[in-house]
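Below is one structure, written out as C-alpha cells; the observations come after it.
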Amino acid sequence: MGNTLPDVMDLLSSPEMALLEVSLGMVNPFGGESPQTTFRATEHLIRWASGLGLSYADFGRGDAEEVILLKGAKKKGLTGWIQYSDDEATQRLREQVHTINEWLSDADIELECDVSGVSVHDRKMTRSFNNGTFAHGGRLSGGFWQKMTKRQRKGIHLDGGPTVTLDYKQMGPSIHYGLEGIPFSGDAYAVPGYEFHRAGIKKVFGAMTHTGNRFNRLNDLEAGALPAGASLSRVCRDIEAYHAPIAHRFYCRSGMEAMRTESDIIVGVVLQLRALGIVGLPIHDAVLVREDEAELAEDVMCSVFTQHTGGSVTISKE
Numbered sequence: 021m022g023n024t025l026p027d028v029m030d031l032l033s034s035p036e037m038a039l040l041e042v043s044l045g046m047v048n049p050f051g052g053e054s055p056q057t058t059f060r061a062t063e064h065l066i067r068w069a070s071g072l073g074l075s076y077a078d079f080g081r082g083d084a085e086e087v088i089l090l091k092g093a094k095k096k097g098l099t100g101w102i103q104y105s106d107d108e109a110t111q112r113l114r115e116q117v118h119t120i121n122e123w124l125s126d127a128d129i130e131l132e133c134d135v136s137g138v139s140v141h142d143r144k145m146t147r148s149f150n151n152g153t154f155a156h157g158g159r160l161s162g163g164f165w166q167k168m169t170k171r172q173r174k175g176i177h178l179d180g181g182p183t184v185t186l187d188y189k190q191m192g193p194s195i196h197y198g199l200e201g202i203p204f205s206g207d208a209y210a211v212p213g214y215e216f217h218r219a220g221i222k223k224v225f226g227a228m229t230h231t232g233n234r235f236n237r238l239n240d241l242e243a244g245a246l247p248a249g250a251s252l253s254r255v256c257r258d259i260e261a262y263h264a265p266i267a268h269r270f271y272c273r274s275g276m277e278a279m280r281t282e283s284d285i286i287v288g289v290v291l292q293l294r295a296l297g298i299v300g301l302p303i304h305d306a307v308l309v310r311e312d313e314a315e316l317a318e319d320v321m322c323s324v325f326t327q328h329t330g331g332s333v334t335i336s337k338e
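Numbering (the working numbering), first residue to last: 21 to 338.
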C-alpha cells in the first residue's frame, strides 16, 4: 500500500481526472512539526457526486484494512511500520480486533453535541506493537472517542444513556507487582521525601521501566517536577529503594512488556463486556461504559486484570 498509494493519488489529481487537489507535505528544515500531505475533493468531484444522495455515513474504512500493526525499533528517534510473517498468534490478535470492530460498528453511540473533527462513525480500532516484536506495546488505538478530551467524552451516550470512564489506577506498577506475585497497596508514586512531587516521580518511574540503562537526565521532565537541587540519579535510587521488591524490573525495558500485558487486559475487558451485551469504548488503560452498567464493568475489569497478572488492582470512576 505504501508504494501504491502515491501513484493512485497522482492519478486522481492529474489534469485528465481532476478529482482531487493534493497539497504535498514536507520535512520542516527548521525542526518542529512538519506539514503532512493532505487532499480534498475538487469542484468537479463535488458536482459529480452531489446528485448521489451521499452523506458522511457512506464513507468509512474498508474491512480489509490491516488492524495488527508492527513498528520497528527507533533509530535516531524515528521509526516506521514493518512487514511481519503471519502465524496463529497474529491471526488470533486480528480476529479479536475484528470482533471488537464489528461490535462497535453496530453499537448505539451518540454525541450530545458536535465536536470539531470528530465523527461518531469513526469507530475502527487497530493494535500497534513496537520495537519489531509483538512482546512490546499493542495498545488499541483509533475510534473517535480517543480523539476527545475527558470533558468532551462526557457528552457520549451509549444506548441512549449517560456514560462514565472506568480507569485502572496505577496500571503500570500494579502489573509489575502482579507479574512478580507480590501484593501491593497504597500509592506507588508516594516515595518518602517527594510527597509534593508525585507527577515527577511517576514520570521517572515510567522512564526507569522503559529504558535499558541508567540515566542522569530526562528531556521531557518539566521544571519543578522534582525538588530543587535533587539529582536524577538520587531520585532513581530512592525509587529503587521504595520499590525494592521489583527493583530488578528497572532498566531492562520491562515497561514495554508491561504495556503488552496492559493492552491484552483492555482487549480482554472489551470482549468480556461484549459477551455480557455491554458496549465498552477502550481508552488506553481505561474503558468508557454506560453509567448504569459501571458496577458490572468494574467487576469485569478487576477479574480480567487478575487473570492476566495474578494481582489485584483499583478502579477509579470519572
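C-beta atoms are modelled at their ideal positions from N, C-alpha and C, and glycine is treated no differently.
Subject >> Top-ranked residue by Cα proximity to G45, from F149, D319, S54 >> reply: The residue labelled residue 45 in the question sits at position 25 within the sequence shown. Checking every option, the nearest Cα to that of G45 belongs to S54.
Subject >> Residue nearest to G198 in terms of C-alpha spacing, selected from H328, L40, S33, A155 >> reply: On the sequence shown, residue 198 is found 178 positions in, with the first residue counted as 1. Checked all of H328, L40, S33, A155; the closest Cα to G198 is H328.
**OP:** Could you spell out the range, first to last residue, of the alpha helix (DSSP H) harbouring D107?
**Re:** Counting from one through the sequence shown, the residue named residue 107 turns up at place 87. Neither: D107 is in no alpha helix (DSSP H) and is coded neither H nor E.
Original post:
Can you name the start and end residues of the beta strand (DSSP E) that V138 belongs to?
Top reply: What you label residue 138 is simply residue 118 of the sequence shown in a count that begins at 1. Note, V138: premise wrong, no beta strand (DSSP E); not H, not E.
Subject >> As assigned by DSSP and simplified to three states, the class of G157 >> reply: As a first step, residue 157 is located in the sequence shown; it is residue number 137 there, counting from the start. Strand.
Subject >> Helix, strand or coil at I202 according to DSSP, with G and I counted as helix >> reply: Translated into the one-based positions of the sequence shown, residue 202 becomes position 182. The answer is coil: DSSP assigns I202 none of H, G, I, E or B.
Subject >> Simplified DSSP assignment, three categories, for I298 >> reply: Position 278 of the sequence shown holds residue 298. Coil at I298, not helix or strand.
**OP:** Select from Q292, L301, I303 the residue whose C-alpha is nearest the C-alpha of C322.
**Re:** Here residue 322 is taken as the residue at index 302 of the sequence shown, counted from 1. Cα-wise, what sits closest to C322 is Q292.
**OP:** Give the single residue among G152, G206, R269 whose Cα lies nearest to the Cα of G100.
**Re:** Counting from 1 along the sequence shown, the entry for residue 100 is found at position 80. Checked all of G152, G206, R269; the closest Cα to G100 is G152.
**OP:** Have a look at T326, D106, T58, G300 and flag the residue whose alpha-carbon is nearest the alpha-carbon of I345.
**Re:** The shown model of the chain, from 21 to 338, leaves out residue 345, and the question about it has no answer.
Subject >> CA nearest to the CA of F235, picked from S253, I221, F225, A219 >> reply: Your numbering for residue 235 matches position 215 in the sequence shown. Nearest Cα to F235 within the set S253, I221, F225, A219: S253.
Subject >> DSSP bridge partner residues for K337 (one or two, in chain order) >> reply: On the sequence shown, residue 337 is found 317 positions in, with the first residue counted as 1. BP columns for K337 point to L186.
Subject >> Extent of the continuous beta strand (DSSP E) run through S323 >> reply: In the sequence shown, counting from the first residue as 1, residue 323 sits at position 303. Annotation: S323 is outside any beta strand (DSSP E); the continuous alpha helix (DSSP H) that includes it extends over 314-329.
Original post:
Residue ranges of each beta strand (DSSP E) run of no fewer than 3 residues wholly in the stretch 25-65, ordered along the chain?
Top reply: 40-43, 58-61
Subject >> Residues bridged to H177 (per DSSP) >> reply: The residue labelled residue 177 in the question sits at position 157 within the sequence shown. According to DSSP, H177 bridges with E130, P182.
Subject >> Distance between I259 and S205 (C-alpha atoms, nearest Å) >> reply: The residue labelled residue 205 in the question sits at position 185 within the sequence shown. The residue labelled residue 259 in the question sits at position 239 within the sequence shown. Each residue's alpha carbon lies about 16 Å from the other.
Original post:
So which of P182, S139, G71 has the shortest CA-CA distance to E313?
Top reply: By 1-based counting over the sequence shown, the position of residue 313 is 293. Checking every option, the nearest Cα to that of E313 belongs to P182.
Original post:
Just to confirm, does G73 get its C-beta within under 6 Å of one of the non-hydrogen atoms of the ligand HEM?
Top reply: The ligand HEM is absent from the structure shown, which contains no ligands of any kind.
**OP:** Please state whether DSSP places G226 in a helix, a strand or coil.
**Re:** For this step, residue 226 is matched to residue 206 along the sequence shown. It is helical.
**OP:** To the nearest angstrom, report how far apart H268 and G232 are at their CA atoms.
**Re:** Translated into the one-based positions of the sequence shown, residue 268 becomes position 248. Translated into the one-based positions of the sequence shown, residue 232 becomes position 212. Going from the Cα of H268 to the Cα of G232 covers about 12 Å.
Original post:
Count the other CB atoms within 10 Å of the CB of S105; is the residue buried (16 or more) or exposed (fewer)?
Top reply: Counting from one through the sequence shown, the residue named residue 105 turns up at place 85. Burial call: exposed.
Original post:
Can you list, in chain order, the residues of its chain whose CB lies under 6 Å from that of A127, leaving out five sequence neighbours each side?
Top reply: As a working mapping, residue 127 is identified with position 107 in the sequence shown. So the list reads V299, once near-sequence residues are dropped.
**OP:** Measure from the alpha carbon of D78 to the alpha carbon of each residue in R147, L32, V140, C256, then state which is nearest.
**Re:** One-based indexing of the sequence shown puts residue 78 at position 58. Among R147, L32, V140, C256, the Cα nearest to that of D78 is on V140.
Original post:
Can you tell me the Cα-Cα spacing of Y271 and E315, whole angstroms?
Top reply: Here residue 271 refers to the residue found at position 251 when the sequence shown is read from its first residue. Here residue 315 refers to the residue found at position 295 when the sequence shown is read from its first residue. Their backbone Cα atoms lie some 37 Å apart in a straight line.
**OP:** Classify S332 as helix, strand or coil using the three-state DSSP reduction.
**Re:** Against the sequence shown, residue 332 aligns to sequence position 312. Of the three classes helix, strand and coil, the one that applies to S332 here is coil, per DSSP.
Subject >> Integer Cβ distance of L90 from I286, believed to fall under 8 Å >> reply: Sequence index remark: in the sequence shown, residue 90 carries index 70 (1-based). Sequence index remark: in the sequence shown, residue 286 carries index 266 (1-based). The pair is not a contact, with the Cβ atoms about 18 Å apart (cut-off 8 Å).
Original post:
Hey, how far is the Cα of K337 from the Cα of A317?
Top reply: Counting from 1 along the sequence shown, the entry for residue 337 is found at position 317. Counting from 1 along the sequence shown, the entry for residue 317 is found at position 297. The alpha-carbon atoms of K337 and A317 are separated by roughly 11 Å.
Original post:
Quick one: is S341 buried, meaning 16 or more other Cβ sit within 10 Å of its Cβ, or exposed?
Top reply: Any question about residue 341 goes unanswered here, given that the chain covers just 21 to 338.
Original post:
Exposed or buried, what is V28 when buried is set at 16 or more other beta-carbons lying within 10 Å of its beta-carbon?
Top reply: Sequence index remark: in the sequence shown, residue 28 carries index 8 (1-based). It counts as exposed.
Subject >> Reduced DSSP category for A69 - H, G, I as helix; E, B as strand; rest coil >> reply: The residue labelled residue 69 in the question sits at position 49 within the sequence shown. Of the three classes helix, strand and coil, the one that applies to A69 here is helix, per DSSP.
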